[in-house]
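Just so you know, the protein sequences line up as chains C and A, in that order.
Per this note's numbering, numbering through the first sequence is continuous, rising by one, with the last residue being 1455.
Per this note's numbering, numbering through the second sequence is continuous, rising by one, with the last residue being 1455.
2 protein chains.
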Amino acid sequence: MQHPRPGEVLFTERTPRVVAARKLQRRRDRDAARRFLVEGPQAVREALGSPAAPGTRSPRADQAAPSSGAAGRAGVVELFVTPEAADRYPDLVAEAPSVSVVTEQAMASLADTVHPQGLVAVCEFLDVPLRAALASGPGLVVVLAGIADPGNAGTVLRTADAAGASVVVFPDDTVDPYNGKCVRASAGSLFHVDVVRGGDSLACVGALRDAGLRVLAADAYGAHDLDRYTDDGGLSGRTAWVFGAEAHGLAPEVARAAHARVKVPIHGRAESLNLAAAAAVCLYASARAARRPAAS
Amino acid sequence: MQHPRPGEVLFTERTPRVVAARKLQRRRDRDAARRFLVEGPQAVREALGSPAAPGTRSPRADQAAPSSGAAGRAGVVELFVTPEAADRYPDLVAEAPSVSVVTEQAMASLADTVHPQGLVAVCEFLDVPLRAALASGPGLVVVLAGIADPGNAGTVLRTADAAGASVVVFPDDTVDPYNGKCVRASAGSLFHVDVVRGGDSLACVGALRDAGLRVLAADAYGAHDLDRYTDDGGLSGRTAWVFGAEAHGLAPEVARAAHARVKVPIHGRAESLNLAAAAAVCLYASARAARRPAAS
């Protein structure tokens, strides 16, 4: 057993396993270990694959089997917990394969937040190859192309999950999905969808087209208005949405490779929408079209 | 003239007018002066009411006249600018009623961002009373009830503008719309819509009902599904959306006072949407319903 009994010494920020885990805050070390950190009770519970909280739905259960490395346990290797959090979340401690009880200071060194909630799990990478993710025939796919802000990327991942997307792709030109801020902003959705990590954005668009998806580039200067495109049936089939960086938009060659460039209409005097808002509008337009095909 | 000629001394962070302006970073001092700070070339341009950039639309021009304190000049009192920014943005310097050229250090003390862009304007408050804002008969109103995060509030303000809302209400239980982070996140939209500041959330809902608007509470546990509500014509008339805090949602008495509690459907396994995403989906549902009433 890793965790001290009453009276035993707590692990500190200098204990080698704490030091090793802390290194996972850096992408280089994550890539070497193929492990990442998950923080806080909600995310740790998702990572452990605990029974969903009441009210949580899982309509994708039937799709999850073939390709999903994300379904069920996400490969928690170790749980670091403060004594206080261990008392507060006995279910999580009981489920973890290995538990290390640490000082508040060690927790602060592992955690990414200002007010850590006393739990950090080391998890194995859970991304799946694009080919495997596409093998299950997903109806809604999201590609994050060239997004540098981890909070934005995590938020769109969360929204994609809520809108019913089952695959989210983080190509090489986008922030690491295992970045602590991205994991946190995803609010557990990292564990709900098939995450694809790496690869070239342009090659990804090609693979999506080859898999029979209609690829739509969200583009503030796109030729197609989202509402009209929806009315014309453009969202009626299996769709992949490609979202680019907030400031510069999609790389021109990526936008050109899509079947269509679609813009969210601006009705007022705002110059544009931010990425998270634009993605929410596009993805829920697809979700609504899938729900009532007659109206789309 | 306030600004030094070549060879003259630049204002420093200890110059009294810089010190006075810096105080506007605090709400208490903003309230006393009824002035706030606007940072960066884009926002300063909006504040000055400069001609819109190419591609910017202003379909609300016809609505703006009766009540809008937001239309046209927003009451820039003074512009602080570094020598470099003065060279770069001569149009903004020319338009400002009073210009103070300051050191980089003084600019850093005035600016809220890590990498200030060399321009900070002092503006007069531009909010309008709720009664005045409602007198113009707005078709889409947004109420931010109990939102503490200025970035979230500013983002929803931006999205509201993009979706065609013409009034956004910040009641007393919500962050100050003149908070620097909120101003920045609004990306200029603070100057595009009628902003109402202060007042009680519940009283605001009452006033909106009295003004003939259908008041909808965005509520993750609402009885009405947004898609079905839209299909049933619930969004066909003049609408006010009320959004609450991300963590706790709307205060029960505020949600109860609305005509209906509407939830954005969750199709995947996400527990919820974040505030900005949920607001984008709701407001664009209204925008779409207004655009093609036959389908709503």
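In this text, a Cβ means the ideal position worked out from N, Cα and C, and glycines have one as well.
The continuous alpha helix (DSSP H) containing residue 1314/A extends over residues 1309 to 1321. Between residue 1304/C and residue 1330/C, the C-beta gap is smaller than 8 angstroms, which places the two residues in contact.
Boundaries around residue 1283/A are those of the beta strand (DSSP E), 1278 to 1283, since no alpha helix (DSSP H) includes it.
In the structure shown, residue 1356/A adopts extended strand secondary structure according to DSSP, grouped into three states.
Only 1423, 1424, 1425, 1426, 1427, 1428, 1429, 1430, 1431, 1432, 1433, 1435, 1436, 1437, 1438, 1439 and 1440 from the segment 1418 to 1441 of chain C bring a Cβ to less than 9 angstroms from some Cβ of chain A. Under the DSSP assignment, residue 1389/C falls in the alpha helix (DSSP H) whose first and last residues are 1385 to 1390. Distance from the CA of residue 1291/A to the CA of residue 1308/A, rounded to the nearest whole angstrom, comes to 27 angstroms. Residues of chain C whose Cβ lies closer than 8 angstroms to the Cβ of residue 1324/A are, in chain order, 1427. At least one beta carbon of chain C lies nearer than 8 angstroms to the beta carbon of residue 1347/A. Cβ neighbours of residue 1433/C within its own chain (closer than 7 angstroms, five residues either side excluded): 1405. Here DSSP, grouped into helix, strand and coil, assigns residue 1287/A to coil. In this structure, residue 1293/C keeps its C-beta atom at 8 angstroms or more from the C-beta atom of residue 1279/C. In the DSSP assignment, residue 1259/C falls within the unbroken beta strand (DSSP E) covering 1258 to 1260. In this structure residue 1393/A does not touch residue 1202/A by the C-beta definition: roughly 36 angstroms separates them, more than the 8 angstroms allowed.
Rounded to whole angstroms, residue 1204/A and residue 1282/A show a C-alpha spacing of 12 angstroms.
What residue 1353/C touches in chain A, judged by beta-carbon distance under 8 angstroms, is nothing: the nearest beta carbon there is about 12 angstroms away. Here residue 1390/A is actually not in contact with residue 1450/C; their C-beta atoms are around 10 angstroms apart, not less than 8 angstroms. The beta carbon of residue 1398/C is closer than 7 angstroms to those of 1299, 1372, 1373, 1375 and 1445 in its chain, skipping five residues each way along the sequence. In the DSSP assignment, the residues bridged to residue 1401/A are 1302/A and 1376/A. The beta carbon of residue 1291/C does not come within 8 angstroms of any beta carbon belonging to chain A, so the residue lies off that interface. Judged by beta-carbon spacing, residue 1367/C lies beyond the 8 angstroms limit of residue 1413/C, meaning their Cβ atoms are not closer than that value. Considering only 1409/C, 1378/C and 1324/C, the residue with the shortest C-alpha distance to residue 1423/C is 1378/C. Judged by beta-carbon spacing, residue 1318/C lies beyond the 8 angstroms limit of residue 1180/C, meaning their Cβ atoms are not closer than that value.
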